[in-house]
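Structure first, commentary second.
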Amino acid sequence: MRRRRFLHAALIGALGLVSSGHTPYRQWMVYRQRHLLILTDRSDPPSYPLGKRVAAVLAAHLPASKARVTRAPHTERIASLISSKQLDVALLSPSDAVALVAGLPPFEAYGPVALRTLIALDGYLLVCRDDFPARHAYAVTRTLDLHGAELLRAATAGAEPPAIPLHPGALAYFEGTSLPAETEERH
Amino acid sequence: MIRTGSIVCGVLALVVLLSAGMVLGDTTDVKTLSTVVIEKSGAHCQDDPNCFNRYHPAIKPAARAKPGQQIVFATRDALDSDLNFESTADDLAALDLNLVHPMTGPAYIEGAERGDVLAVTLVDIEPDQYGYTLIVPGFGFLRDKFPDPFIANWRLNRLEATSPQIPGVAVPFNGFMGSVGVLPGEPEIETILAREGELAEAGGIALMPQPTGAQPADVCGPEGTHKDTCLRTIPPRENGGNMDIKQIQVGTTLLLPCFVDGCGLFVGDVHYAQGDGEVSGTAIEIGARVTVVTEIRKGMGASISMPHYEGGAQLKAIEPSSFYATTGIPIKAAGEVPIYETYLDSQKIASLSNLSENLTLAARNALLDIIDYMVEQKGYTAQQAYVIASVAVDLRIGQLVDVPNYTVSAILPLDIFK
Numbered sequence: 000m001r002r003r004r005f006l007h008a009a010l011i012g013a014l015g016l017v018s019s020g021h022t023p024y025r026q027w028m029v030y031r032q033r034h035l036l037i038l039t040d041r042s043d044p045p046s047y048p049l050g051k052r053v054a055a056v057l058a059a060h061l062p063a064s065k066a067r068v069t070r071a072p073h074t075e076r077i078a079s080l081i082s083s084k085q086l087d088v089a090l091l092s093p094s095d096a097v098a099l100v101a102g103l104p105p106f107e108a109y110g111p112v113a114l115r116t117l118i119a120l121d122g123y124l125l126v127c128r129d130d131f132p133a134r135h136a137y138a139v140t141r142t143l144d145l146h147g148a149e150l151l152r153a154a155t156a157g158a159e160p161p162a163i164p165l166h167p168g169a170l171a172y173f174e175g176t177s178l179p180a181e182t183e184e185r186h
Numbered sequence: 000m001i002r003t004g005s006i007v008c009g010v011l012a013l014v015v016l017l018s019a020g021m022v023l024g025d026t027t028d029v030k031t032l033s034t035v036v037i038e039k040s041g042a043h044c045q046d047d048p049n050c051f052n053r054y055h056p057a058i059k060p061a062a063r064a065k066p067g068q069q070i071v072f073a074t075r076d077a078l079d080s081d082l083n084f085e086s087t088a089d090d091l092a093a094l095d096l097n098l099v100h101p102m103t104g105p106a107y108i109e110g111a112e113r114g115d116v117l118a119v120t121l122v123d124i125e126p127d128q129y130g131y132t133l134i135v136p137g138f139g140f141l142r143d144k145f146p147d148p149f150i151a152n153w154r155l156n157r158l159e160a161t162s163p164q165i166p167g168v169a170v171p172f173n174g175f176m177g178s179v180g181v182l183p184g185e186p187e188i189e190t191i192l193a194r195e196g197e198l199a200e201a202g203g204i205a206l207m208p209q210p211t212g213a214q215p216a217d218v219c220g221p222e223g224t225h226k227d228t229c230l231r232t233i234p235p236r237e238n239g240g241n242m243d244i245k246q247i248q249v250g251t252t253l254l255l256p257c258f259v260d261g262c263g264l265f266v267g268d269v270h271y272a273q274g275d276g277e278v279s280g281t282a283i284e285i286g287a288r289v290t291v292v293t294e295i296r297k298g299m300g301a302s303i304s305m306p307h308y309e310g311g312a313q314l315k316a317i318e319p320s321s322f323y324a325t326t327g328i329p330i331k332a333a334g335e336v337p338i339y340e341t342y343l344d345s346q347k348i349a350s351l352s353n354l355s356e357n358l359t360l361a362a363r364n365a366l367l368d369i370i371d372y373m374v375e376q377k378g379y380t381a382q383q384a385y386v387i388a389s390v391a392v393d394l395r396i397g398q399l400v401d402v403p404n405y406t407v408s409a410i411l412p413l414d415i416f417k
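These protein sequences, in sequence, are chains A and B.
Mapping to numbering that gives the first Met the number 0: the first sequence position 7 is 6, numbers consecutive.
Mapping to numbering that gives the first Met the number 0: the second sequence position 325 is 324, numbers consecutive.
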């Protein structure tokens, strides 16, 4: 019962996904706040259809997320958008995610970037900035885990530890523990 | 005898040369002044030493040119993007607007000094074969009405632009430099930062220096020598820049006040075509090769505080031969605060259904009506109609005296419909 109430709150909270940052157009931020944008990579062709399925599942089962896929022209753009807080969530190969966290090539101009895993999906990691709100991380992870079949291929979270540590919100979902307190409200 | 012999020798030499495949009658190799070409290199501005996307007098010249010498600027699209014919709306949220606008140059004009006027005559624009028009969520004149992304990919030649996303429309080539200007000096930087900072503080839309993505990185980037004072390229200012004035067509001359020695002339953000208003936030955005010629008007800088421009019959050529127009006055629904006025926190505005002397609201209403017209009469979606308006509809002031209702017309050229 408590969990249901929390999930309801999480769904409502997802409406207010906040992506502060350095985007020059304040209005542009509004769109990026209104929608949970799943960043994919045009130069990595499988990531885009997978991202579309992820966004479709979230839009259907976590409608407050207003999830949409978006496609960066190359992996460096993902690094730029995530590191400058313009966007929060991306689908990356484990090797790219590890490189971005460590600030290794080809991301040395952007990293190191603090990322956390939300869920592992079909050879990819759905990662987010480490300041992504825990309640949002919980809701996203839960939705994708419960509706993994609709991604056509099974989600693989929990099968083995992901290359990037789980986000505390995602960890709380998988372990059935309470959410950690948010340390700071994002603006 | 000697003379006759010389002629015979000359004729023989000509025959020999012609038989060797040389064509002396051709004028291609006959030159006046050499042309200065500022080429682009690399995929993006950050890869290109001739490209920058912030303004500061410390930015070093990419080339030097004499007055009267043709200068060719190889320019990039406004977003320094990777968009192409396969791009879709899904690509738009991943655009990095910190990269706006890549400019080519600056060109140091020899003999020009602070206090002069630099006259820049547009000689030619050679467009790329691809262009795009976007609806970027949260951006544009009707951003509250069009919250979703949209892209029209345009196939271009020097005659017209067509797009599979906007069927039945062919937009004629009326190219111009969306951004053209000179570098600001230190005093201008100080003044501009102060006034825009005050506006930002008051809640207005003013974009303060942003080192992320800034070029040249050694001047404006996160570790740059002037990272906190490099101006963004979005607003037009006294030094020109992103003016987006389509009347500055080939053959017209732009007059720019010169603020630094050599002026630091730059060009970028070329528009293949645009309606007066550029209402969706983008025109038909292209890369291009732009040819200009400059002239220095010594000591004339004090006579202009902003760019001026002059020309001949160029404006006639871009007027439609047939059109349909709507008009707007500054009325609204009671209870609404127009998005352009929200930062003023005026309690009076919300309850009113008629604002006084408000040109922006008049333009908005004329535009909304012309979009409705295209939806109802031409069968386009609202997004398609908004894009057509951005690239072809002219918002024109009717009058600024008949208080409280200024009038604005939205003029749709019917020639574009095929």
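Cβ coordinates follow ideal geometry from the N, Cα and C atoms, glycine included.
Residues bridged to residue i [DSSP beta-bridge criterion]
i         : result
Gly171(B) : Looking at the sequence shown, residue 171(B) is not Gly but Pro. Looking at the DSSP assignment, Pro171(B) forms a beta bridge with Glu159(B).
Asn357(B) : Looking at the DSSP assignment, Asn357(B) forms no beta bridge with any residue, so it has no partner.
Ser321(B) : DSSP lists no partner for Ser321(B).
Thr132(B) : Ala151(B)
Ser352(B) : Partner(s): none; Ser352(B) has no beta bridge.
Gln398(B) : Thr406(B)
Phe265(B) : Gly180(B)
Thr116(A) : Val126(A) and Leu165(A)
Between the CA atoms of residue j and residue i - distance to the nearest angstrom
i         : j         : result
Tyr308(B) : Pro235(B) : 15 Å
Gly267(B) : Thr232(B) : 10 Å
Leu314(B) : Cys50(B)  : 31 Å
Asp127(B) : Asn156(B) : 8 Å
Tyr405(B) : Leu366(B) : 14 Å
Gly137(B) : Gly327(B) : 23 Å
Ser389(B) : Ala57(B)  : 35 Å
Val36(B)  : Asp123(B) : 13 Å
Thr224(B) : Thr211(B) : 14 Å
Phe149(B) : Pro179(A) : 39 Å
Val292(B) : Pro60(B)  : 17 Å
Pro186(B) : His135(A) : 47 Å
Ile415(B) : Ile165(B) : 11 Å
Glu335(B) : Gln246(B) : 34 Å
Ala42(B)  : Pro111(A) : 24 Å
Leu182(B) : Glu237(B) : 10 Å
Gly378(B) : Tyr372(B) : 9 Å
Thr252(B) : Thr120(B) : 4 Å
Option nearest residue i by Cα separation, candidates the options
i         : options                                       : result
Phe322(B) : Ile369(B), Ala349(B), Gly276(B) and Ala64(B)  : Ile369(B)
Gly203(B) : Ile338(B), Ile134(B) and Pro171(B)            : Ile338(B)
Pro105(B) : Gly263(B), Val336(B) and Val374(B)            : Gly263(B)
Ser408(B) : Ile396(B), Glu284(B), Ala193(B) and Ser304(B) : Ile396(B)
Ile317(B) : Ala73(B), Glu185(B) and Tyr271(B)             : Tyr271(B)
Tyr131(B) : Arg113(B), Pro163(B), Leu96(B) and Lys39(B)   : Pro163(B)
Gly220(B) : Leu124(A), Tyr109(A) and His135(A)            : Tyr109(A)
Asp95(A)  : Gln85(A), Arg115(A), Lys84(A) and Ser83(A)    : Arg115(A)
Arg31(A)  : Gly274(B), Gly286(B), Ala111(B) and Leu91(B)  : Leu91(B)
Ala216(B) : Gly184(B), Asp47(B), Ala93(B) and Ala381(B)   : Asp47(B)
Leu96(B)  : Trp27(A), His166(A) and Ser177(A)             : Trp27(A)
Pro146(B) : Leu399(B), Lys417(B), Val402(B) and Ala381(B) : Ala381(B)
DSSP-derived helix/strand/coil call for residue i
i         : result
Gly239(B) : strand
Met299(B) : coil
Gln85(A)  : coil
Pro126(B) : strand
Ala154(A) : In this prediction, Ala154(A) scores a pLDDT of 48, lower than 50, which makes its location untrustworthy; the coordinate-derived value is nonetheless stated afterwards. Strand at Ala154(A).
His135(A) : helix
Cys219(B) : helix
Ile58(B)  : coil
Cys44(B)  : helix
Gly168(A) : helix
Cutoff 7 Å; reference residue i; Cβ partners in own chain excluding five residues on either side
i         : result
Asp227(B) : Pro208
Pro101(B) : Cys44, Cys50, Asn52, Arg75, Asp79 and Gly267
Leu98(B)  : Cys44, Asn52, Leu78, Asp79 and Gly212
Neighbourhood of residue i by C-beta distance below 6 Å, restricted to the same chain and skipping five residues each side
i         : result
Glu340(B) : Ile348
Gly239(B) : Val179, Gly180, Leu255 and Pro306
Ile188(B) : Thr228
Gln376(B) : none
Ala169(A) : Leu117, Ala136 and Thr140
Ala101(A) : Pro111
Within chain D, partners of residue i - CB distance below 7 Å
i        : result
Leu38(A) : The structure shown has no chain D; the protein chains it does contain are A and B.
Proximal residues to residue i (C-beta, below 8 Å), its chain only, five neighbours per side dropped
i         : result
Val278(B) : Gly139, Phe140, Leu141, Leu366, Tyr385, Ala388, Ser389, Val392 and Leu394
Arg67(A)  : His34, Leu35, Leu36, Ile37, Ala54 and Ala58
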